[in-house]
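There are 2 protein chains.
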Amino acid sequence: MPLTLEALAILDAIDRKGSFARAAEELGRAPSSLTYAVQQIEAELDALLFDRSGHRARFTPAGRVLLDEGRGLLGAAQALADKTRQVAGGWEPQLTLAVEGILPVAPLLPVLDAFYRLGRATEIRLRHDVLAGSWDALASGCADLAIAGGEAPAGAGLRTRVLGSVEFVFCVAPQHPLARLNQPLGQADLAAHRAVVIADTARNLPLRSAGWLKQQARLTVADLPSKLAAQQAGLGVGSLPRWLAEREVAAGRLVRCEWTGGNPRETLHLAWRNGEAGRALEWFRRALAKPGVFAEAIDAG
Amino acid sequence: MPLTLEALAILDAIDRKGSFARAAEELGRAPSSLTYAVQQIEAELDALLFDRSGHRARFTPAGRVLLDEGRGLLGAAQALADKTRQVAGGWEPQLTLAVEGILPVAPLLPVLDAFYRLGRATEIRLRHDVLAGSWDALASGCADLAIAGGEAPAGAGLRTRVLGSVEFVFCVAPQHPLARLNQPLGQADLAAHRAVVIADTARNLPLRSAGWLKQQARLTVADLPSKLAAQQAGLGVGSLPRWLAEREVAAGRLVRCEWTGGNPRETLHLAWRNGEAGRALEWFRRALAKPGVFAEAIDAG
DNA sequence: CAACTCATTCGAATTGTTCGAACATGCCGC
DNA sequence: GCGGCATGTTCGAACAATTCGAATGAGTTG
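Chains Z and B supply the protein sequences, listed in that same order.
Just so we're aligned: 25 in the working numbering is position 25 of the first sequence, and the numbers increase by one with no gaps anywhere.
To convert a position in the second sequence, counted from 1, into the working numbering, add 1000.
This is the structure:
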């Protein structure tokens, strides 16, 4: 019987209660039972765990090691039991959310908080992807639930639900030449200026492009914050989601330009794989579909 | 019976052998015994661990979680048992070695390697201290065995053994004014130049000073590599242990200066606290006292 | 479809664990 | 210094959980 958790629990009780007798009481067994159990471990480990010279038994160094580290094991065992129970109840051990990079993280935090309050063992992972990246992550199993822009790739076994759309506003740095052009921009105005574009993170699906026109010189960056920084620095021009653009324009760090024919929009979908869904996925699907979660960033419809 | 290691071991065997029957064979028990045990866990956890629809039982997701993470627990339990056994056998759970900062680490590595080959669970921690720092670490219990320079502080209950002495060579950067002075240096020559000194790491014992003269301007650094770098950069002058100085002088990065009255020496001691010693301490005491370990750096006697 | 392997069920048997009382020891207050 | 008090241990008896073995039913393979 090479070490049992029960034995570790006994040592724990003895230490907490201070004596075999009290520990036995807590555990609802006779003191002699504990003596027997302890002797059992000592024989198994070839180690004296208690110093019996005095009146009451004291832990030896070896006993102390077993006790201290054993507590870690007990905790881990408890956690594992919990987790198993929850998985059996339909709660995934982990769930990965892929969020389109043009969305802010802030609105997500209360949702996460609410989920954690449920006390479920499901470990949440958050990732940001841009353009086709979210669809790709979902289709390839790297994510379980995605908020993705544009249309779903066909034949990937995905189900979707429209969340609304994000409006893109064309912005340039205050010191940029285009900032002085007091009329709506046309294609011709843009071709002469470098565009800042976000690289698509998709690895499998065909790449998509957004925010730039062919022939236009471009600076490719990895994510929205980088794009913002680049545009603020005057390194290039481009469209930014309205929630972000408004903040920056108000602060005077960017200037908004009108666009001939109105601002472009990107439709956002909540998406998940077809098939058996765990309860955490179900929960997040409901929570994120609620209108208002991304009210700041997404326009209904 | 809130989850037992034995149960996890059974799951492990079932997975490895592929069936209840073969697992039972490996464990030397009847198959029905495993069935019983598994049902026991399932009841306890309120979780189906096996999918019994087919001919042979397959793990459910919950079962898989319990199996995978349970293996970690089993390993940890095994390791804990080992460690306890070793501590009971007199091997400390951990041992901290404090090495005087003027010594190289290289000669220590084969010794550590030899220790690791013993297969003991004792975790070794290595720390570097300078001047009184090693004595201090030892006396305050922050270290168990030290290689320290100078004389042991009185009344701290320490035992020592002389290892030998380190010779200090006065060095300056090639471009330093003192490099051009072609005669042995005296006190007067030094007072005009900034000295690079190593800060004493002692926190409790009275601080000691080394390598500098009063009134001399000085740059204080934390360790030997910093001191070396500072001297190479010409930021100051000072003595370096011979093993280091020779290397640098040979490489042309420093110039050696003679000293009126010969080079100073620092005696090094192997030191440990009086009282009950564990077997790892004993082992290292023997290993480090062997002549030749630090032959490169320490001169016998 | 027959032979095989597999997991489960059931009652009986066994094994290890628990109990309770008696004992030995160390500690404290009077 | 001595009687209580609490401690941990020992021992045989009682117990209960676990294990076994044989029987059963179900699935796979040639």
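From the three backbone atoms N, C-alpha and C, an ideal C-beta is built for every residue, glycine too.
As the structure is a prediction and not an experimental result, all values here were calculated from the model.
Please list, in chain order, all residues of the same chain as residue i whose beta carbon is under 6 Å from its beta carbon, the five residues on each side excluded.
i, result
"residue 174(Z)", "255"
"residue 56(Z)", "19"
"residue 1170(B)", "1239, 1257, 1259"
"residue 58(Z)", "51"
"residue 1193(B)", "1237"
"residue 15(Z)", "67"
"residue 1151(B)", "none"
Is there a Cβ from chain Z that is less than 8 Å from the Cβ of residue i?
i, result
"residue 1282(B)", "no"
"residue 1069(B)", "yes"
"residue 1048(B)", "yes"
"residue 1093(B)", "yes"
"residue 1002(B)", "yes"
Starting from residue i, trace the beta strand (DSSP E) both ways and give me its first and last residue.
i, result
"residue 1260(B)", "Segment: none, residue 1260(B) is in no beta strand (DSSP E) and carries neither H nor E."
"residue 239(Z)", "238 to 241"
"residue 1098(B)", "1094 to 1100"
"residue 1126(B)", "1123 to 1129"
Take residue i and list the residues in its own chain whose beta-carbon comes closer than 8 Å to its own, dropping the five residues that flank it on each side.
i, result
"residue 1002(B)", "1044"
"residue 95(Z)", "122, 123, 124, 125, 144, 145, 278, 280, 281, 284"
"residue 1127(B)", "1096, 1097, 1098, 1099, 1137, 1142, 1143"
"residue 154(Z)", "none"
"residue 1232(B)", "1173, 1248, 1253, 1254"
"residue 79(Z)", "121"
"residue 5(Z)", "73, 74, 77"
Take residue i and list the residues in its own chain whose beta-carbon comes closer than 7 Å to its own, dropping the five residues that flank it on each side.
i, result
"residue 1162(B)", "1267, 1269"
"residue 157(Z)", "273, 274"
"residue 283(Z)", "115"
"residue 1037(B)", "1007, 1010"
"residue 1021(B)", "1031"
"residue 1061(B)", "none"
"residue 1112(B)", "1124"
"residue 216(Z)", "190, 191, 195"
"residue 42(Z)", "48, 49"
Would you verify that the beta carbon of residue i is, or is not, closer than 8 Å to some beta carbon of chain B?
i, result
"residue 158(Z)", "no"
Assuming residue i is part of the alpha helix (DSSP H), what are its boundary residues?
i, result
"residue 1111(B)", "1108 to 1117"
"residue 71(Z)", "61 to 88"
"residue 1228(B)", "1224 to 1232"
"residue 1219(B)", "Element bounds for residue 1219(B): not the alpha helix (DSSP H) but the beta strand (DSSP E), 1218 to 1221."
"residue 1132(B)", "1132 to 1139"
| Segments assigned alpha helix (DSSP H), at least 4 residues, entirely inside the stretch 1015 to 1059 of chain B | Listed in chain order, they are 1020 to 1027, 1031 to 1045.
| field | Inside the stretch 147 to 201 of chain Z only - alpha helix (DSSP H) runs reaching at least 4 residues | value | Segments of the alpha helix (DSSP H) lying fully in the stretch 147 to 201 of chain Z: 187 to 191.
| request: Closer than 7 Å, Cβ to Cβ, to anything on chain Z: give me those residues from the stretch 1061 to 1089 of chain B, in chain order. | output: The stretch 1061 to 1089 of chain B vs chain Z, Cβ under 7 Å: 1061, 1062, 1065, 1066, 1069, 1070, 1073, 1076, 1077, 1080, 1081, 1083, 1084, 1085, 1087, 1088.
| query | Which residues, in order along the stretch 1004 to 1022 of chain B, keep a beta-carbon less than 9 Å from a beta-carbon of chain Z? | reply | Taking 9 Å as the Cβ-Cβ cut-off against chain Z, the residues of the stretch 1004 to 1022 of chain B that qualify are 1004, 1005, 1006, 1008, 1009.
| field | 3 or more residues per run - each beta strand (DSSP E) lying fully within the stretch 256 to 301 of chain Z | value | Correct list: 265 to 273.
| field | Residues in the stretch 25 to 53 of chain Z having any Cβ partner in chain B nearer than 7 Å | value | Result list: 45, 46, 47, 48.
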